[in-house]
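J.: Heads up, the sequence shown is in full-length UniProt numbering, so the first residue is 1 and it goes up one at a time. Glycine included, every Cβ here is placed at the ideal spot set by N, Cα and C. All figures in this text were calculated on a predicted structure; none of them were measured in a lab. This is the structure I want to talk about, given as structure tokens.
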Amino acid sequence: MARASARHILVSSEDKANELKAQVEAGADFAELAKAHSTCPSGRQGGDLGSFGPGQMVPEFDTVVFSAPTNVVQGPVKTQFGFHLIEVTARQD
């Protein structure tokens with residue numbers, strides 16, 4: 001079965017997500033931004049969600065995690081929780 005590891009930053013607005021994505025692309029540390037800005041409890045661990053399989057996350061999140069290249073920040077991705085920046089850190093298909 002496919003497995004993936006990912007980290008994310010969850011914020012309430014698309015504008016904030018785009019602002020943070022620009023900071024990451026300019027060299028800011030993803031984990032530090034997650035700790036400072038993410039509204040998800042995983043923010044305390046730098047946004048790390050650990051390892052999970054297909055169907056364990058909401059569909060919009062799942063689609064990105066199991067299709068995006070690893071180590072490239074994706075998003076903003078809108079879900080019922082807000083706007084996510086997602087980085088797939090590992091995937092086994």
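So, do the stretch 81-93 and the stretch 5-14 have three or more beta carbon pairs nearer to each other than 8 Å?
T.: Yes: the two stretches touch, three or more of their Cβ pairs being nearer than 8 Å.
J.: Can you have a look at M57 and say buried or exposed, based on whether 16 or more other CB atoms are within 10 angstroms of its CB?
T.: Buried, by the Cβ-count rule.
J.: Check for me: the alpha helix (DSSP H) holding D15 runs from which residue to which?
T.: Where D15 is concerned, the enclosing alpha helix (DSSP H) stretches over E14 to E25.
J.: If you draw a straight line from the C-alpha of E14 to the C-alpha of T79, how long is it?
T.: Cα to Cα, the separation comes out at about 11 Å.
J.: How is the alpha helix (DSSP H) around V58 delimited, first residue to last?
T.: Taken as a continuous stretch (DSSP letters only), V58 belongs to no alpha helix (DSSP H), as it is neither H nor E.
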